[in-house]
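Note sheet for the following structure.
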Amino acid sequence: MSALFTHVDWGDILTASIATLLMLLGSLSLTVILGLPLGVALFLTAKGELLEQPWTHRILSFVVNVLRSVPFIILLIVMIPVTVALVGTSLGVEGAIPPLVVGAAPFFARLVESALRAVDKGAVEAAKSMGASPSQIILRALLPEATPGLIAATTVTAVALVSYTAMAGVVGAGGLGDLAVRFGYQRFQTDVMVVTVVLLLILVQILQTVGDRLTLRFNRR
Amino acid sequence: MGPALVDRPLIELIDVSKTYGAGASATAAVRGVSLSVQSGEIFGVIGESGAGKSTLIRLINLLERPTAGRVLIEGEDLCSLTADALRARRRRMGMIFQHFNLLASKTVLENVAFPLRLEGGLSNPGILERARTLLDRVGLGGHAKKYPAQLSGGQKQRVGLARALACGPAVLLCDEATSALDPQTSAQMLDLLSALNRELGLTIVLITHEMEVVRRICDRVAVLEAGQIVEMGEVVEVFLDPRRPITRRLLRDDQAEAGPVEGRLVRLIYRGEATRAPLLGRIARETGVDYSLLAGRISTIKGEPYGQLTLTLTGGDVDAALARFAEAGVRVREGAS
Chain A
638 MSALFTHVDW GDILTASIAT LLMLLGSLSL TVILGLPLGV ALFLTAKGEL LEQPWTHRIL
698 SFVVNVLRSV PFIILLIVMI PVTVALVGTS LGVEGAIPPL VVGAAPFFAR LVESALRAVD
758 KGAVEAAKSM GASPSQIILR ALLPEATPGL IAATTVTAVA LVSYTAMAGV VGAGGLGDLA
818 VRFGYQRFQT DVMVVTVVLL LILVQILQTV GDRLTLRFNR R
Chain B
232 MGPALVDRPL IELIDVSKTY GAGASATAAV RGVSLSVQSG EIFGVIGESG AGKSTLIRLI
292 NLLERPTAGR VLIEGEDLCS LTADALRARR RRMGMIFQHF NLLASKTVLE NVAFPLRLEG
352 GLSNPGILER ARTLLDRVGL GGHAKKYPAQ LSGGQKQRVG LARALACGPA VLLCDEATSA
412 LDPQTSAQML DLLSALNREL GLTIVLITHE MEVVRRICDR VAVLEAGQIV EMGEVVEVFL
472 DPRRPITRRL LRDDQAEAGP VEGRLVRLIY RGEATRAPLL GRIARETGVD YSLLAGRIST
532 IKGEPYGQLT LTLTGGDVDA ALARFAEAGV RVREGAS
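Line by line, the protein sequences are chains A and B. Counting the first sequence from 1 gives a position; our numbering is that position plus 637. Counting the second sequence from 1 gives a position; our numbering is that position plus 231.
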């Protein structure tokens, strides 16, 4: 073992793994908290939907498109002053979370929008015919019907966030990505590179498997 | 219902129009429709696809807002209601749909409980008990824990029906409720609707493209063509004596119009007792006319027998024969119509 992985400091690997997990959990939960309402708003304000508001929709859609078109590596750098203002530092796990959320929330919002669009219009019409108010339609019909799609959207976002956290390592966020770049790439320690990549791969596999199972479990169609 | 409202129709549409879009691209789905539905009756609207039936039924609970005209329910103008008052009204009007429109994410029981939960103020055990009673009524007591995807089409529609009845509506709107079902299931569904109409005094408005649906359960029918009502009346009347080509087309009754025939083409229409009397042979003998039968149908509408024969009369005293038929209570229409 030690002969194969001469450069690998398992203590560092553990610390980095925990940092990656913390970044992932922190950014994923904030992404869902911010992205879900944004996605619902995008959907509801669209033409022909429940709360049709063309201008609001256009503005939301434009903001989302702008954020999504900025390459994440640029976003990381541009966000530094904002991050410092928000959490006091641009380094470490706390420093990584704001850019991760700003990068992932618009992406998640678009996925939420399309998951809601896939809900059968008839179910919404039926709720309306039963005298449901807009908020009842959203909370009791639209979101429950979209649950499998929303779980799938969360899974895709979580996997995307794993690769974002690796990139965040470049600007001092720590985590497995940081380890891979600093030791594996810059110091040619291939064994470190292999270990971090394998761990990231395992993490992605777990996220995808859990996500797929949950999607299936909630799919009653 | 208060005594002042007794003679008032439950549903009144007054010169209602619905136009989609504006300017040159505007299309009128419903044009100047007026109709009224009395409490306790089953009223059918029949038309071909694209005639505006779906829009028309959605105007009754304001899922579609009319661009002109008024929609009155128990004398109250729906367009003048606040959003809250309109929602309260809708709870008193059940609706079932061609594609059932159940919530796939909820169990059968929760689907039926859904409108009760919207209302608020009801206890959870009370809601579930009411939902179970309704499921029993539609014969699905054993399926409460299943999800809609596990049910057949007919069962799904019965869940839809139980859900529509949950809040004790005065009116049930049926949007092509049997069109997605096979003939046998469809017939069972219609019988169930008919039974609910009798037992609960439930007023039913249904739209369909199938004459069979109208024939089986409706009291009155309106024929819709290109957004306008072209014929309306008691079902037996409209069936026996369709005035418009569209109505005959829906009745698939235009076979007699094909081909040149000798003699005088007449259509004999009779209902009730006249159906059973051996009139044709007797009158032919007595007046010396010969008849040749081109088309005919003898059936029942809501239990009443009726018949319709298309024939040509030659020789003898045709005028006298026609007069004799009229005397015997048979309606006579000359020519192809």
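Ideal Cβ placement from N, Cα and C applies to all residues, glycine included.
Minimum Cβ-Cβ distance from residue i to chain A less than 8 Å
| i | result |
| --- | --- |
| P297/B | no |
| S336/B | yes |
| L294/B | yes |
| F274/B | no |
| N355/B | no |
| L349/B | yes |
| M420/B | no |
| K414/B | The sequence as given places Pro at residue 414/B; Lys does not occur at that position. False, the Cβ-Cβ gap to chain A never drops below 8 Å. |
| A380/B | yes |
| F328/B | yes |
C-alpha gap between residue i and residue j, whole angstroms
| i | j | result |
| --- | --- | --- |
| P821/A | V703/A | Rather than Pro, the amino acid found at residue 821/A in this sequence is Gly. If you take the alpha carbons of G821/A and V703/A, they lie about 34 Å apart. |
| L423/B | F328/B | 16 Å |
| L287/B | L371/B | 31 Å |
| V835/A | S766/A | 53 Å |
| L241/B | V264/B | 16 Å |
| G685/A | K758/A | 11 Å |
| K533/B | D413/B | 21 Å |
| I514/B | A559/B | 10 Å |
| T852/A | I670/A | 19 Å |
| F470/B | E243/B | 24 Å |
| D828/A | A741/A | 31 Å |
| L675/A | A810/A | 27 Å |
| L737/A | S698/A | 20 Å |
| G663/A | F745/A | 15 Å |
| D649/A | T668/A | 28 Å |
| T643/A | D815/A | 19 Å |
Residue interval of the beta strand (DSSP E) (run including residue i)
| i | result |
| --- | --- |
| S523/B | D521 to I532 |
| V402/B | V402 to D406 |
| K573/B | With chain B represented from 232 up to 568, any question about residue 573/B goes unanswered, as that position is not in the structure. |
| R562/B | R562 to E565 |
| L704/A | Element bounds for L704/A: not the beta strand (DSSP E) but the alpha helix (DSSP H), P691 to S706. |
| I435/B | T434 to T439 |
| L412/B | Here L412/B belongs to no beta strand (DSSP E), and DSSP marks it neither H nor E. |
| L544/B | E535 to T545 |
| A299/B | A299 to I304 |
| S265/B | T258 to V268 |
| A453/B | R451 to E456 |
| V807/A | Looking at the DSSP string, V807/A is not in any beta strand (DSSP E), and its letter there is neither H nor E. |
| E465/B | Q459 to E465 |
| M324/B | M324 to F328 |
Chain-order list of residues whose beta-carbon lies under 7 Å from that of residue i (same chain, five-residue window excluded)
| i | result |
| --- | --- |
| K387/B | F331, L333 and P379 |
| Q690/A | T682 |
| I477/B | V454, E456 and V461 |
| V700/A | none |
| V847/A | none |
| F709/A | G740, Y801 and M804 |
| L421/B | T409, V444, R447 and I448 |
Residue i at chain B interface by Cβ criterion, 8 Å
| i | result |
| --- | --- |
| P781/A | yes |
| E762/A | yes |
| K765/A | yes |
| G848/A | no |
Bounding residues of the alpha helix (DSSP H) (the contiguous stretch that carries residue i)
| i | result |
| --- | --- |
| E504/B | Segment: none, E504/B is in no alpha helix (DSSP H) and carries neither H nor E. |
| V724/A | I717 to V724 |
| A678/A | W647 to T682 |
| I775/A | Neither: I775/A is in no alpha helix (DSSP H) and is coded neither H nor E. |
| G570/B | In the structure as shown, chain B begins at 232 and stops at 568. Residue 570/B is therefore absent and cannot be evaluated. |
| G740/A | G729 to R754 |
| Q842/A | T827 to F855 |
| E360/B | N355 to R368 |
| V276/B | Counting along the chain, V276/B falls outside any alpha helix (DSSP H), though it belongs to the beta strand (DSSP E) covering I273 to I277. |
| R824/A | Where R824/A is concerned, there is no enclosing alpha helix (DSSP H), given that its DSSP letter is neither H nor E. |
Cβ-based neighbour list, residue i, same chain, cut-off 6 Å, excluding 5 preceding and 5 following
| i | result |
| --- | --- |
| I273/B | N428, I435, I448, C449 and D450 |
| P743/A | V701, L704 and R705 |
| A299/B | S248 |
| T726/A | G732 |
| L553/B | V563 |
| A783/A | A752, L753 and V756 |
Beta-carbon neighbours of residue i, restricted to chain E and to distances below 7 Å
| i | result |
| --- | --- |
| A319/B | Annotation note: the requested chain E is absent from the structure, which comprises protein chains A and B. |
Same chain, Cβ closer than 8 Å to residue i, neighbours up to 5 away in sequence not counted
| i | result |
| --- | --- |
| V467/B | R502, I532, K533, E535 and Y537 |
| R602/A | Coverage of chain A is limited to positions 638 through 858, which leaves residue 602/A absent and any answer about it impossible. |
| A557/B | V563 |
For the segment 404-411 of chain B and the segment 361-377 of chain B, state whether three or more C-beta atom pairs, one from each stretch, are separated by less than 8 Å.
no
At least 3 beta-carbon pairs within less than 8 Å: the segment 305-312 of chain B vs the segment 333-349 of chain B
no
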